[in-house]
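Trainee: Going by our numbering, the first residue of the sequence shown is number 27, and it counts up by one from there. Think of the CB as a built atom: it goes at the ideal place given N, C-alpha and C, for glycine as much as any other residue. Bear in mind that the values here come from a model prediction, so they are computed numbers and not experimental data. Below: one structure in structure tokens.
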Amino acid sequence: MALDIIVVLIYAAGMLALGWYGMRRAKTHEDYLVAGRNLGPTLYMGTMATTVLGGASTVGTVRLGYVHGISGFWLCAALGLGIIALNLFLAKPLLRLKIFTVTQVLERRYNPMARQASAAIMLAYALMIAVTSTLAMGTVLQVLLDVPFWMALLFGGGVVVVYSTIGGMWSLTLTDIVQFVIKTVGLMFILLPVCLYKAGGWDALVAKLPAASFSWTTIGWDTIITYFLIYFFGILIGQDIWQRVFTARDEKVCQRAGTTAGIYCVLYGLACALIGMAAHVLMPDLANPNNAFAEMIKGQLPEGIRGLLMAAALAAMMSTASAGLLAASTTLTEDLLPKLRGGKQSSLGINRLFTLLTGLVVLGIALAVNDVISALTLAYNLLVGGMLIPLMGAIFWKRATTAGAIASMTLGFATALFFMFKDGLDANSPIYYSLAIGLVSFVVVSLASRKPVGAVKLA
Numbered sequence: 027m028a029l030d031i032i033v034v035l036i037y038a039a040g041m042l043a044l045g046w047y048g049m050r051r052a053k054t055h056e057d058y059l060v061a062g063r064n065l066g067p068t069l070y071m072g073t074m075a076t077t078v079l080g081g082a083s084t085v086g087t088v089r090l091g092y093v094h095g096i097s098g099f100w101l102c103a104a105l106g107l108g109i110i111a112l113n114l115f116l117a118k119p120l121l122r123l124k125i126f127t128v129t130q131v132l133e134r135r136y137n138p139m140a141r142q143a144s145a146a147i148m149l150a151y152a153l154m155i156a157v158t159s160t161l162a163m164g165t166v167l168q169v170l171l172d173v174p175f176w177m178a179l180l181f182g183g184g185v186v187v188v189y190s191t192i193g194g195m196w197s198l199t200l201t202d203i204v205q206f207v208i209k210t211v212g213l214m215f216i217l218l219p220v221c222l223y224k225a226g227g228w229d230a231l232v233a234k235l236p237a238a239s240f241s242w243t244t245i246g247w248d249t250i251i252t253y254f255l256i257y258f259f260g261i262l263i264g265q266d267i268w269q270r271v272f273t274a275r276d277e278k279v280c281q282r283a284g285t286t287a288g289i290y291c292v293l294y295g296l297a298c299a300l301i302g303m304a305a306h307v308l309m310p311d312l313a314n315p316n317n318a319f320a321e322m323i324k325g326q327l328p329e330g331i332r333g334l335l336m337a338a339a340l341a342a343m344m345s346t347a348s349a350g351l352l353a354a355s356t357t358l359t360e361d362l363l364p365k366l367r368g369g370k371q372s373s374l375g376i377n378r379l380f381t382l383l384t385g386l387v388v389l390g391i392a393l394a395v396n397d398v399i400s401a402l403t404l405a406y407n408l409l410v411g412g413m414l415i416p417l418m419g420a421i422f423w424k425r426a427t428t429a430g431a432i433a434s435m436t437l438g439f440a441t442a443l444f445f446m447f448k449d450g451l452d453a454n455s456p457i458y459y460s461l462a463i464g465l466v467s468f469v470v471v472s473l474a475s476r477k478p479v480g481a482v483k484l485a
């Protein structure tokens, strides 16, 4: 394992070096949060795709492929189609606003109270996104390096916290591009072909796996629909994704490069599902399917190449962890902190300080949670259940009111929490009930209350 560990350490050092270079480019508040709003198509496509495809979509989709077969790709498909829809239909009005956070849209359409209420929900979501990928890093490094989980988590998560803190969005963009290349080469052009070869090729998969493994719907229509309700719509309103949209030079960059990123996400999901299927053939009695990805790297690849795949795994997870971390700290410094400071806006120094503090909180939560897909589901249930209805209403419904928005956020968020506690994180009921109650309360309360005078039209 010595050569593998050297490769991983070189990768980690490279991420820190790019973070330092990003720090030199982040000279202003706007540079730190949205890379100066000046990214071209190559940087934008890479950072958008890498942000979405993190620990849960990589480790989680391989696990889904192991358990359900090719239909495990639907998680990544929902994410990818959400990216396409966001960049084709919402990017243009968002770029015009010149804002930093999702919740600023709600303030412009409703009032500051709506912004504060939604910021609390967005903060919970962004924290859990960062926690999810930090957990995945710890899980993979624990298996591959044979070290205690807490040590693996602090190593991987610590690198993310450092480079995110010092350079903000410029560091994230530069590291994302390298991570995009590494994980594309590592997973799609090395691990996938090797796994298929070791399993005996496609014909062996067909012969050794049940026919259900090759059906696009084995995972279940209820699960597919839930994935779209949670992940497709979650992409449309997530701070970590919107913050990437704000970095684009213009709407053409969003439409072309963003669509390419979405297509890439779907193909990535197919690759991960196939890796999971090959893992089922090679390791049919794996005790914990969550470890399928790490065990395939550990058991099927030679030394050195194995280290490259460790780096690819870390690349997938670090990109999403850093996106969630910066999204959480941005929500704190742009939406919540000014209220406590009498309206005073944040500075570059404040941004860095709160990114560091938020990173320490993420590491602490990650040490107390242990299931990557459950953590991701929790994050998206809270986000979509609490914010989808009032945010879409802010953009598309003229009769929407502040009272309706706050009622929808409060009841939708509370309903999602209640049914996750009652039925479990894997249940479909939290998202169905939270959206239904959020929609009814939004419409009824909006129609029963007076429309705000001078509300800003956003679309």
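Between which residues of its own chain and alanine 341 is the CB-CB distance below 7 Å, once the five residues before and five after are set aside?
Mentor: Counted from its first residue, the sequence shown places residue 341 at position 315. Within the same chain, alanine 341 has close Cβ partners Gln205, Ile208 and Lys209.
Trainee: If we ignore side chains and look at the alpha-carbon of each, how far apart do valine 271 and leucine 35 end up?
Mentor: What you label residue 271 is simply residue 245 of the sequence shown in a count that begins at 1. What you label residue 35 is simply residue 9 of the sequence shown in a count that begins at 1. Approximately 32 Å, taken between the alpha carbons.
Trainee: Between the Cα of tyrosine 290 and those of Gly66, Val188 and Met74, spot the shortest distance and give me the residue it belongs to.
Mentor: Taking the first residue of the sequence shown as position 1, residue 290 is located at position 264. The residue with the shortest Cα to Cα distance from tyrosine 290 is Met74.
Trainee: Taking the C-alpha atoms as reference points, what is the distance between arginine 141 and asparagine 316?
Mentor: Residue mapping note: residue 141 aligns to position 115 of the sequence shown, counting from 1. Residue mapping note: residue 316 aligns to position 290 of the sequence shown, counting from 1. Rounded to whole angstroms, arginine 141 to asparagine 316 spans 37 Å at the Cα level.
Trainee: Is glycine 80 closer than 8 Å to methionine 197 when the C-beta atoms are compared?
Mentor: Numbered from 1 along the sequence shown, position 171 holds the residue referred to as residue 197. Numbered from 1 along the sequence shown, position 54 holds the residue referred to as residue 80. The question names methionine, yet the displayed sequence has serine at residue 197. It is not a contact, given that the beta carbons lie outside the stated cut-off.
Trainee: What residues in its chain sit with their C-beta under 7 Å from that of valine 220, if we drop five residues either side in the sequence?
Mentor: The residue labelled residue 220 in the question sits at position 194 within the sequence shown. Result list for valine 220: Gln326 and Leu327, in chain order.
Trainee: Can you tell me which of the three DSSP states alanine 341 falls into?
Mentor: As a first step, residue 341 is located in the sequence shown; it is residue number 315 there, counting from the start. In the structure shown, alanine 341 sits in a helix (DSSP, three-state: H, G or I).
Trainee: Just to confirm my understanding: we take leucine 404, look at its own chain, exclude 5 residues before and 5 after, and list those with CB closer than 8 Å. What are they?
Mentor: Translated into positions along the sequence shown, residue 404 becomes position 378. Correct list, in chain order: Met154, Met446 and Leu451.
Trainee: Where DSSP assigns a beta bridge to leucine 180, which residues make up the other side?
Mentor: What you label residue 180 is simply residue 154 of the sequence shown in a count that begins at 1. According to DSSP, leucine 180 bridges with nothing at all.
Trainee: Reducing DSSP to helix, strand and coil, say where alanine 274 ends up.
Mentor: Stepping through the sequence shown from its first residue, residue 274 is reached at position 248. In this structure, alanine 274 counts as strand in the three-state DSSP scheme.
Trainee: Asparagine 377 lies in the alpha helix (DSSP H); which residues open and close that run?
Mentor: Here residue 377 refers to the residue found at position 351 of the sequence shown. Unbroken alpha helix (DSSP H) run through asparagine 377: 374-392.
Trainee: How many whole angstroms separate the CB atoms of glycine 333 and leucine 29, which I take to be in contact at a CB cut-off of 8 Å?
Mentor: Residue 333 sits at position 307 when you count from the first residue of the sequence shown. Residue 29 sits at position 3 when you count from the first residue of the sequence shown. That belief holds up - the Cβ atoms of glycine 333 and leucine 29 are roughly 6 Å apart, short of 8 Å.
Trainee: Answer yes or no: do alanine 52 and glycine 194 have a C-beta to C-beta separation smaller than 8 Å?
Mentor: Position 26 of the sequence shown, counted from the first residue, corresponds to residue 52. Position 168 of the sequence shown, counted from the first residue, corresponds to residue 194. Yes. Within cutoff.
Trainee: Extract the residue ranges of the alpha helix (DSSP H) inside the segment 243-322, only unbroken runs of 4 or more that lie entirely within it.
Mentor: Listed in chain order, the complete alpha helix (DSSP H) runs (minimum 4 residues) inside the segment 243-322 are 247-253, 259-263, 265-271 and 277-308.
Trainee: Identify the residues that DSSP records as bridge partners of leucine 65: which are they?
Mentor: Indexing the sequence shown from 1 puts residue 65 at position 39. BP columns for leucine 65 point to Ala274.
Trainee: Leaving out five residues on either side along the sequence, give the residues of the same chain with a beta carbon under 7 Å from the beta carbon of histidine 94.
Mentor: Residue mapping note: residue 94 aligns to position 68 of the sequence shown, counting from 1. Thr244 and Ile245.
Trainee: Would you kindly report the start and end of the unbroken alpha helix (DSSP H) that includes glutamate 133?
Mentor: Here the question's residue 133 lines up with position 107 in the sequence shown. Taken as a continuous stretch (DSSP letters only), the alpha helix (DSSP H) holding glutamate 133 covers 129-135.
Trainee: Rounded to whole angstroms, how far is the Cβ of glycine 131 from the Cβ of alanine 420, which I believe are closer than 8 Å?
Mentor: Mapped onto the sequence shown, residue 131 falls at position 105. Mapped onto the sequence shown, residue 420 falls at position 394. First, the amino acid is wrong: residue 131 is valine here, not glycine. That pair is a contact at about 6 Å.
Trainee: Taking methionine 418 as the reference, give the member of Asn377, Val185, Leu120 and Ala61 with the closest Cα.
Mentor: Numbered from its first residue, the sequence shown carries residue 418 at position 392. Here the closest residue by C-alpha is Leu120.
Trainee: In whole angstroms, what is the alpha-carbon distance linking tyrosine 189 and methionine 344?
Mentor: Taking the first residue of the sequence shown as position 1, residue 189 is located at position 163. Taking the first residue of the sequence shown as position 1, residue 344 is located at position 318. Answer to the nearest angstrom: the Cα atoms are 10 Å apart.
Trainee: Are the CB atoms of tyrosine 406 and isoleucine 256 within a distance shorter than 8 Å?
Mentor: In the sequence shown, residue 256 corresponds to position 230, counting from 1. In the sequence shown, residue 406 corresponds to position 380, counting from 1. The answer is yes: Cβ separation under 8 Å.
Trainee: Which class does threonine 158 belong to by DSSP, given the choice of helix, strand or coil?
Mentor: On the sequence shown, residue 158 is found 132 positions in, with the first residue counted as 1. Of the three classes helix, strand and coil, the one that applies to threonine 158 here is helix, per DSSP.
Trainee: Taking 8 Å as the threshold, find out whether the segment 99-118 comes into contact with the segment 378-390 through three or more Cβ pairs.
Mentor: No, the segment 99-118 is not in contact with the segment 378-390.
Trainee: I need the straight-line Cα distance from threonine 6 to glutamate 321, nearest angstrom please.
Mentor: No answer is possible for residue 6: the residues shown for the chain start at 27 and end at 485.
Trainee: Helix or strand or just coil, what does DSSP make of tryptophan 100?
Mentor: Translated into the one-based positions of the sequence shown, residue 100 becomes position 74. Looking at tryptophan 100 - three-state DSSP - the assignment turns out to be helix.
Trainee: Could you tell me the boundaries of the alpha helix (DSSP H) in which leucine 217 lies?
Mentor: On the sequence shown, position 191 is the one that residue 217 refers to. No alpha helix (DSSP H) holds leucine 217; DSSP gives it neither H nor E.
Trainee: Taking only the alpha-carbon atoms, compute the straight-line gap between isoleucine 415 and proline 456 and give it to the nearest angstrom.
Mentor: If you number the sequence shown from 1, residue 415 lands on position 389. If you number the sequence shown from 1, residue 456 lands on position 430. Near 15 Å, if we compare the C-alpha coordinates of proline 456 and isoleucine 415.
Trainee: Glycine 295 and leucine 101 - do their beta-carbons sit closer together than 8 Å?
Mentor: Within the sequence shown, the letter at position 75 stands for residue 101. Within the sequence shown, the letter at position 269 stands for residue 295. Yes. Within cutoff.
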